[in-house]
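These notes concern the structure reproduced below.
There are 4 protein chains.
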Amino acid sequence: MSILPTDVLGQLEQQSIELPSWAFGNSGTRFKVFATPGTPRDPFEKIADAAQVHRFTALAPKVALHIPWDKVDDYSALRAHAEEHGVELGTVNSNTFQDDDYKFGALTHEDGAVRRKAIDHHLECIDIMHATGSRDLKIWLAEGSNYPGQADLRGRQDRLQESLEEIYARLGDEHRLVLEYKFFEPAFYHTDVPDWGTSYAQVAALGHKAMVCLDTGHHAPGTNIEFIVMQLLRLGKLGSFDFNSRFYADDDLIVGAADPYQLFRILFEVIRGGGLNNPDVAFMLDQCHNVEDKVPGQIRSVLNVQEMTARALIVDTEALRAAQVSGDVLEANRIFMDAFYTDVRPALAEWRESRGLPADPMAAFAASGYLQQIAADRVGGVQASWGA
Amino acid sequence: MSILPTDVLGQLEQQSIELPSWAFGNSGTRFKVFATPGTPRDPFEKIADAAQVHRFTALAPKVALHIPWDKVDDYSALRAHAEEHGVELGTVNSNTFQDDDYKFGALTHEDGAVRRKAIDHHLECIDIMHATGSRDLKIWLAEGSNYPGQADLRGRQDRLQESLEEIYARLGDEHRLVLEYKFFEPAFYHTDVPDWGTSYAQVAALGHKAMVCLDTGHHAPGTNIEFIVMQLLRLGKLGSFDFNSRFYADDDLIVGAADPYQLFRILFEVIRGGGLNNPDVAFMLDQCHNVEDKVPGQIRSVLNVQEMTARALIVDTEALRAAQVSGDVLEANRIFMDAFYTDVRPALAEWRESRGLPADPMAAFAASGYLQQIAADRVGGVQASWGA
Amino acid sequence: MSILPTDVLGQLEQQSIELPSWAFGNSGTRFKVFATPGTPRDPFEKIADAAQVHRFTALAPKVALHIPWDKVDDYSALRAHAEEHGVELGTVNSNTFQDDDYKFGALTHEDGAVRRKAIDHHLECIDIMHATGSRDLKIWLAEGSNYPGQADLRGRQDRLQESLEEIYARLGDEHRLVLEYKFFEPAFYHTDVPDWGTSYAQVAALGHKAMVCLDTGHHAPGTNIEFIVMQLLRLGKLGSFDFNSRFYADDDLIVGAADPYQLFRILFEVIRGGGLNNPDVAFMLDQCHNVEDKVPGQIRSVLNVQEMTARALIVDTEALRAAQVSGDVLEANRIFMDAFYTDVRPALAEWRESRGLPADPMAAFAASGYLQQIAADRVGGVQASWGA
Amino acid sequence: MSILPTDVLGQLEQQSIELPSWAFGNSGTRFKVFATPGTPRDPFEKIADAAQVHRFTALAPKVALHIPWDKVDDYSALRAHAEEHGVELGTVNSNTFQDDDYKFGALTHEDGAVRRKAIDHHLECIDIMHATGSRDLKIWLAEGSNYPGQADLRGRQDRLQESLEEIYARLGDEHRLVLEYKFFEPAFYHTDVPDWGTSYAQVAALGHKAMVCLDTGHHAPGTNIEFIVMQLLRLGKLGSFDFNSRFYADDDLIVGAADPYQLFRILFEVIRGGGLNNPDVAFMLDQCHNVEDKVPGQIRSVLNVQEMTARALIVDTEALRAAQVSGDVLEANRIFMDAFYTDVRPALAEWRESRGLPADPMAAFAASGYLQQIAADRVGGVQASWGA
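Residue numbers (full-length UniProt numbering), protein chains in the order written: chain A, 1 to 388; chain B, 1 to 388; chain C, 1 to 388; chain D, 1 to 388.
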């Protein structure tokens, strides 16, 4: 197994990628949401599905919750349910985009009563974090405007800071706030946290428990994302990743599906900057499955991250440094791409088997009959989706 | 009224912009559709709303229908209803994106039975066109794929051609087929009609009754849209416009809201190429109103097109030609922008009044109390939206 | 002159836009640089040309220098020459992209000797600033890489910080360092200062005399530039503007030529954030003239900024706030665009005349015969361009 | 060597990629062109360098010429020189962008005398094709405009057609005309052949000897290039490829360097559509080497195409079709990516050796001392670049 040396395997063994509970519900576009038999009807069933991903890969020990989609009466029951299935509850994601009150903003709204409501929602999330044992409160804001003049950009930014300060103040000692940025959608003219610079400026003003969340699909065309990874690690403010991929817009495709080489470059900078298996940097998926099956879609995703991490770990960094220092462009690029082009899949399969995991998690899951089982079992009820 | 000479006013008097019935229903993003009091519950109410736009502007005598959203039992009743409200039924739009069968395509589907169903839907649309007196069948296809390898691009293109041929063969003598292109969404890796070249190649193979529909929001960043207008007019294949605007993605913002100067350039090429008030080129809106009121949103839209057409009509084309021929870049640009910067609004207001129209249609509509009236009247029922 | 109230005219009277000396030399693309008769052969002639812009517009009292292109033996002579022509010497721009040593970087280079040379160049620029009476040292870095793996992104960022610290330490009390960002070109894979976030992080670490330079042409497609203006003003770090415009790449077109409404929105945020006529925010052009005449190209540019500033100043901000607060999207947008669509040009022409300036500076300059004169006078010598 | 079956090797053995003579000269950006010792001073030396690429790879038997850069007094001598070095002269590229007359256009110019000159240049190129035995005349036009209003888009398109007709009429029976498109640069507002649709419409009007050239770097962001490949093959109009890669603008990076997976997808569609080893479709590089060594840069490029062709050839198309037909998105994508992820390099190395070629052409070339030799030999003279 010379392709993957022991220290690389040691790194891979520690790798952990959090799954989003909402990936197991139905999702789609504004044009159509296609339903699938067996889709979970409640948070318990979502966690059961998520646990399958971990069972077959040993890569996904945590499940992120989305409030209010995953609200339950008894979080200790949910926590126990997760543990029984071999996973833990993870990051809590707030939601300020599905209430009529939030049509023109939430944490940034002109109306103090709406801001109050949105802040209170986050305080409730923090309460839930205590109940679930979660560390991170992830905030993605759908706020913005569609037309120039519609909104006072500056006033909104100032109100955002005030609202975040109040939320931040409520965090427990063990908690963190991670602020996600997104350059468009669902607002189409401006969003209030459009880029890493804005997220960084906001969290830097809050304090050491506030960090930036980098969603790989939330950048303008042509953006060098690995550069941002480098910079945020350098500044000590990379709190978490939301992995997914996109060809053009925010499509939430399977991570690594659109541009695998970009994923390689991102993971290389993660390693270069000390972000791999660093508890300060949470790896998480944030993608949905419009046309493909959900559980295997998530299995494919965590495997993509694992395979690409393995490739990034085997870059001959010593030789690379020598080529960089000497200005040998072609040699440096060759060394870099050599790792990318190395087929680590057979070695990973062998290693999985040595750990009691299936060599081919996708095939093993398909053979398990789980999808057929849930399709048969989960009859009636309302399938989970973004709206429920 | 020297700013707008008589011949310009004569051109403006003929201008006609078709409205989309769906603009009066609720719409939004995959994150949230905000509802508004008074939203129509059926096609009759949509037409009543659309008629308000025409009443205050004299710019919008036709309403485009969307099938099945606007299916009714009795199209002659719908037609009579429209006429009573002072408008006509216009283009019929097909819909092959909201049925579970169409998850992996419609006119391009691998399965002949699904293609049959999709073709039959278009044949039904043609039947409806006979009943409504519509000329144009507009086809926008949501078809495509999300992942490389998922679909056989070539096979789909060939099947598209076959399906279109069957639909084309069914057109009446007075009918046309207009094929819209869109470079992404709801499919995220490939769409089957992504660009004007594909639409042109397809309709050129069909025959003289098939034309291209140019939706101003359906291009990659940086695309020079007015160039395409020029080219399609030159090739005799510009069948219709779907006007709207966008900052980044396909946002369906009010036409002229994002880049008014681009709208000016587009209209200048329309005029330059003989497309204005040319029956072969249908002007139509295709935009929705996520956060603003719908009827005034449509009034604003047709006014934007009118105002910008007026500006484009007053370019001093003789002087412009002289500057172009002599290579005087700054002077040519000055002449061009001078028209854009000319404030035609007071002259248009005066002209509207001279025709018995309100000088300020937005203010007049607001004063009419229509929105309050429909909010009070339309109680109960299900508000129209993309899903119904 | 009711369109432009007295306080607006008072603001406009103070407006000052610095000109780049290099705009008067030849420039072009990698494919071809077209030469023009009369192009300056030395910094003195560039300043003479720049002074014409100020003479006809009273808008451009300063000329930015580029070192080494504008190196002279006697800066006090150059300063006196400028003053004789009615202008002052302004910002000093460094150049670390035209020396063979800088093929793989300058302030970020792996080799300490090259960094030393690049730092020393900046120290020399600071010496020149003392001689010229300049306040600002503007640093745009062409540094980056073309291929993944070619460069160590993180190491380069750290070295950049170290190099900037040494330069910063040498600034006089009256000096400032402004760091420009650019997302691509001439490096095509990564640039070391690609976005405002990076520039901000770097200058924030340096101290209060270091600021960000926002070049309007240096963003990814779809970027909301006025948002960045707002944010940098809010953070107290907007040091200067480089105005120009672009349709796609970094084309250096005349400011306002590609998207005048975007320029309006930018200037509105400048005013909203207190950046207009604020000595902390330098307005500067950074654009070249590939196919149009240079002096009138610059006149057109400063007029564009003036005209758009006038429009931005007449936004009815009180009514706008009311519409924003009440969530009246259409009304807020109407108020905003009403100012944009107002034709301020006649009022500006009248006002110019009242101040002893030509009503139409473009026409007056053309009538002056200056271009013919320099074409006749400047015979022999080597025309200035980026290479000299 | 089971990874690459015999029929795949048979396909690879036929593969031929034409090299651009200008890749061996100096090139760069508008900011700086870095020179390299040993750079050719004339077409003979360029061909000698190009022959090295073929010698070490057996992939590049032809060299494309650029007129006037590669004009010589005696083309039969050049032809003989090529043959002595084991290569042939290939495509002739015209140049209408480096003469002062072409500032505002060439084949589209308002002035008939300039058009005449540009047409005559192409007729001269056809004469040269007779002398060199070339089949293809490749036309890339730098024509366009920088400012709206500067040019009459429609008139230019009509003149383009007329000019092309005259050139087309002069082609010999064995000749072809291939028309390249490019969506921006060096013109920044509009280019006269911006997209495949325009090129297609133009060549379709000319006749069967006119074809489209697809340059992989000449598309707007987000464009699905493999779709265009499919469409042009389907329409029978894909005449040639210009391979290169880009992260953002037209950077002319080494093919496969920016997005190897995109190159895979393109080559898959080439094979799917019957374009591989089809004499109608010429494979050509069009890229330059700003910072890396030129000869090895070209070797790397042809190897990248070969390696990716091998991957595209081993897609299990039967299994892929089955997954596509059954709508198994994840399985179809897995099969597709499995080929991409397969490391074909060892098998290719072994196969090369079996054919008497070096297993590692890059290493073998480096060991040959050729670069050192030309650096020592080529002293004096003027190094070739775009300007000469």
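Just so it is clear, CB atoms sit at the ideal spot from N, CA and C, and this is done for glycine as well.
Closer than 7 Å: residue i CB and nearest the ligand SAM heavy atom
i	result
Ala204(B)	With respect to the ligand SAM, the structure offers nothing, as it holds no ligand at all.
Endpoints, beta strand (DSSP E) assigned at residue i
i	result
Asn93(C)	88-93
Val212(B)	210-215
9 Å Cβ cut-off: residues of chain D touching residue i
i	result
Glu185(C)	Thr29, Arg30, Phe31, Tyr248, Ala249, Asp251
Chain B within 8 Å of residue i, Cβ atoms only
i	result
Thr198(D)	yes
Gly38(C)	no
Bridge partners - residue i, DSSP secondary structure assignment
i	result
Glu176(D)	It should be noted that the sequence gives Arg, not Glu, for residue 176(D). Answer by DSSP bridge pairing, in chain order: Asp136(D).
Pro20(D)	Ala64(D)
Met284(D)	Glu18(D), Asp242(D)
Gly191(C)	The identity of residue 191(C) in the sequence shown is Thr, whereas the question assumes Gly. Answer is Gly144(C).
Ser2(B)	In DSSP, Ser2(B) forms no bridge with anything.
Asn26(B)	Ser385(B)
Leu357(B)	Per DSSP, none; premise fails for Leu357(B).
CB contact below 8 Å: residue i versus chain C
i	result
Gly25(D)	no
Thr342(B)	yes
Val379(B)	no
Pro221(D)	yes
Gly327(A)	yes
Chain D contact for residue i (CB, 8 Å cutoff)
i	result
Asn333(A)	yes
Ala375(C)	no
Tyr147(C)	yes
Asp152(C)	no
Asp195(B)	yes
Gly297(A)	yes
Leu330(A)	yes
Chain A contact for residue i (CB, 8 Å cutoff)
i	result
Glu292(D)	yes
Gln98(B)	yes
Trp22(B)	no
Proximal residues of chain B, C-beta to C-beta of residue i below 9 Å
i	result
Asp259(C)	Asp259, Tyr261, Gln262
First and last residue of the uninterrupted alpha helix (DSSP H) at residue i
i	result
His81(D)	75-84
Arg234(A)	225-234
Leu153(B)	153-170
Trp196(D)	196-206
Within chain B, partners of residue i - CB distance below 7 Å
i	result
Arg265(D)	Pro148
Arg345(C)	Tyr341
Rounded distance between the beta-carbons of residue j and residue i, thought under 8 Å
i	j	result
Phe340(C)	Arg311(C)	5 Å
Trp351(B)	Gly197(D)	Not really, about 39 Å apart at Cβ, beyond 8 Å.
Ala384(C)	Pro40(C)	5 Å
Leu177(B)	Ile139(B)	7 Å
Glu143(B)	Leu107(B)	7 Å
Amino acids of chain D, ordered along the chain, whose beta-carbon sits closer than 7 Å to that of residue i
i	result
Gly273(B)	Arg154
Amino acids of chain C, ordered along the chain, whose beta-carbon sits closer than 9 Å to that of residue i
i	result
Glu180(A)	The premise fails here: Glu180(A) is roughly 15 Å from chain C at the closest Cβ pair, so nothing lies under 9 Å.
Within chain A, the residues that residue i reaches when beta carbons sit closer than 9 Å
i	result
Glu269(C)	Leu153, Arg154
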